[in-house]
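A quick write-up on the structure given underneath.
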Amino acid sequence: MPHITVNDHEFFYREQGSGAAALFVHGFPLDSTMWLEQIRILSDSRRCIAPDLRGFGRSSPSTRSVLSMEDLADDLVAFIDALGIEKVDLIGLSMGGYVALAFAERHPGRLRTLALVDTKSTEDSEDAKAGRDAAAGRAAAEGRSGLAADMIGVLVAESASTWIRARLRTMIESTPTESIVAALEGMKRRQDRTAVLSNLALPIAAIVGEHDVLSPIAEADHMAVAAGGALTVVPDTGHMSPIEDPVTVAAALRSLWSEA
Ligand code: MLT
128 MPHITVNDHE FFYREQGSGA AALFVHGFPL DSTMWLEQIR ILSDSRRCIA PDLRGFGRSS
188 PSTRSVLSME DLADDLVAFI DALGIEKVDL IGLSMGGYVA LAFAERHPGR LRTLALVDTK
248 STEDSEDAKA GRDAAAGRAA AEGRSGLAAD MIGVLVAESA STWIRARLRT MIESTPTESI
308 VAALEGMKRR QDRTAVLSNL ALPIAAIVGE HDVLSPIAEA DHMAVAAGGA LTVVPDTGHM
368 SPIEDPVTVA AALRSLWSEA
């Protein structure tokens, strides 16, 4: 699997398939392995590319105290520039969705379609911001295991297998604490980007797990209405719908792509 240096940083990415490019952006505090099922299913019709964001997965560690959604989006544009890709079908899950929205605001001409999966366009409430500070303090003091224990229960629906839970634990426990703290700060500072959705003239879809407690259906509905796009609710899944029910999520992505 390849590495590439852009914006003075070494990025790891997965790539499979050929044709029009689909760029998959992972959530927090995860990595590109969360997209393996989508890549396997969809690489028959797309050049599927899933990078590890700055400071995550097998990309180089980050020394930044804040990983802003805007900077992560600009990394992605430099990344597709380096790969010689002009336009992408962009798919972002949760924090990846926040990054995708920043990308859409700053570089709308680089998008063919936009899929927002288990994410939201609204900003953090004051309570959520306080929760980020508490999580960052705990991660810095106690390390990643506590965060993994706290998160896994809310990331997936009750029906999720032990295998899925173990994969998530591996991803979370492999993420450097510095990246966890910096991304929490970046997410805390992000702005409401609902208006971006209303202004984009391209096919947009919101996809959400029926039991997603972190980005509930109401948030997905809010985005779909703002975008005038489709809303897909994935039955019996939580916040990790692309892993919990890969086939339904892949079908929703194919449907979106057929509109372009
Ligand atoms: C994620 O899955 O990326 C995070 O739950 C997003 C967040 O904390 O807002």
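Taken in order, the sequence shown gives residues 128 to 387; the numbers are from the numbering used here.
Note that CB positions come from ideal geometry on N, CA and C, so glycine has one too.
Original post:
Is the beta carbon of D363 sitting closer than 9 Å to the one on A284?
Top reply: yes
Original post:
Going by other Cβ atoms of all chains shown within 10 Å of its Cβ, with 16 needed for buried, is S195 buried or exposed?
Top reply: buried
Subject >> Nearest-angstrom beta carbon gap, F206 and V133 [assumed within contact, 8 Å] >> reply: 5 Å
Subject >> Classification of I342 by the beta-carbon crowding that lies within 10 angstroms, buried from 16 upward >> reply: According to the sequence shown, residue 342 is Ser rather than Ile. Per the 10 Å Cβ criterion, buried.
Original post:
What three-state label does DSSP hand V204 in the structure shown?
Top reply: helix
Subject >> Beta-carbon proximity check, S189 vs G182, cutoff 9 Å >> reply: yes
Original post:
Which value, in whole angstroms, describes the spacing of the CA atoms of G264 and G273?
Top reply: 11 Å
Original post:
If you check the beta carbons only, do S248 and R320 fall under 9 Å apart?
Top reply: yes
Subject >> As assigned by DSSP and simplified to three states, the class of V374 >> reply: helix
**OP:** May I ask you to check if the CB of H71 is nearer than 8 Å to at least one heavy atom of ligand 1?
**Re:** Since the displayed the chain opens at 128 and closes at 387, residue 71 lies outside it and no answer follows.
**OP:** Can you check DSSP and say which residues form a bridge with E137?
**Re:** T132
Original post:
Is F206 near ligand 1, in the sense that its beta carbon is under 8 Å from a heavy atom of that ligand?
Top reply: no
Subject >> Pairwise C-alpha distance: T359 and E312 >> reply: 30 Å
Original post:
Is it right to say M128 is buried, meaning 16 or more other beta carbons lie within 10 angstroms of its own, or is it exposed?
Top reply: exposed
Subject >> Inter-residue Cα distance where the pair is A268 and A332 >> reply: 39 Å
**OP:** Compare the Cα-Cα distances from A328 to each of A387, D339, S306 and report the closest residue.
**Re:** A387
Original post:
Comparing the CB of Y140 with every heavy atom of ligand 1, is any distance shorter than 8 Å?
Top reply: no
**OP:** Round the Cβ separation of L69 and I218 to the nearest angstrom and send it over; I've been treating them as touching at under 8 Å.
**Re:** Outside the shown range of the chain, which is 128 to 387, sits residue 69, and nothing can be said about it.
Original post:
Under the three-state reduction of DSSP, which class applies to V352: helix, strand or coil?
Top reply: helix
**OP:** Could you pull out every residue in the same chain whose Cβ sits closer than 7 Å to the Cβ of A379, ignoring the five residues on either side in sequence?
**Re:** A332, I334, T359
Subject >> Start-to-end residues for the beta strand (DSSP E) that takes in T174 >> reply: The sequence shown places Arg at residue 174, rather than the Thr named in the question. Unbroken beta strand (DSSP E) run through R174: 174-178.
**OP:** Could you name the residues of the same chain whose beta carbon sits closer than 6 Å to that of I307, not counting the 5 residues immediately before and after it, in chain order?
**Re:** P156, A266
**OP:** Just confirm the distance between the C-beta atoms of E142 and I176, as a whole number of angstroms; I'd bet it's less than 8 Å.
**Re:** 5 Å
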